[in-house]
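J.: Sending over a structure as structure tokens; questions will come in a sec.
Residue numbers (our numbering): 567 to 649.
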């Protein structure tokens, strides 16, 4: 968790993407809120690193699992639709 926060504090897009993506790939050890936070961090890191396709892949892989009711916050809608 601290590595993710450190990457955000350093504004290191590549580290945000890499660290959050690695945690998303593992079985969840946190809450649903933490999982959603990781998804947003990974997507933001991907966009900031210029990896728009990776951001879309992350959303397609995890979006429906973390937001099954479809109640998606506006910031994530923005990230999911950013081109």
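All C-beta atoms, glycine included, are put in the ideal place defined by N, C-alpha and C.
Note that the structure is predicted; figures quoted are calculated from it, not measured.
With DSSP collapsed to three states, give me the class of residue 615.
T.: As a position in the chain shown, residue 615 is number 49, starting the count at 1. Looking at residue 615 - three-state DSSP - the assignment turns out to be coil, as it is neither helix nor strand.
J.: Measuring straight from C-alpha to C-alpha, what distance separates residue 583 and residue 594?
T.: On the chain shown, position 17 is the one that residue 583 refers to. On the chain shown, position 28 is the one that residue 594 refers to. Distance between the alpha carbons of residue 583 and residue 594 is about 17 Å.
J.: From residue 570 to residue 585, what distance separates their C-alpha atoms?
T.: Residue numbering aside, residue 570 sits at position 4 when the chain shown is read from its first letter. Residue numbering aside, residue 585 sits at position 19 when the chain shown is read from its first letter. When rounded, the distance between both Cα atoms is 6 Å.
J.: Exposed or buried, residue 608, counting other C-beta atoms within 10 Å across all chains shown (16 or more means buried)?
T.: On the chain shown, position 42 is the one that residue 608 refers to. It counts as buried.
J.: So, does the CB of residue 647 fall closer than 7 Å to a CB anywhere in chain C?
T.: You won't find chain C in this structure, because it holds only one protein chain.
J.: Among 579, 573, 568, whose alpha-carbon lies nearest the alpha-carbon of residue 618?
T.: Within the chain shown, numbered from 1, the residue matching residue 618 stands at position 52. Residue 579 is the option with its Cα nearest to residue 618.
J.: Using beta-carbon positions only, say whether residue 604 and residue 624 come within less than 7 Å of one another.
T.: Walking along the chain shown from the start, residue 604 turns up at place 38. Walking along the chain shown from the start, residue 624 turns up at place 58. Going by C-beta atoms, residue 604 is not nearer than 7 Å to residue 624.
J.: Figure out for me which residue from 632, 575, 648, 600 has the closest Cα to the Cα of residue 612.
T.: As a first step, residue 612 is located in the chain shown; it is residue number 46 there, counting from the start. Checked all of 632, 575, 648, 600; the closest Cα to residue 612 is 648.
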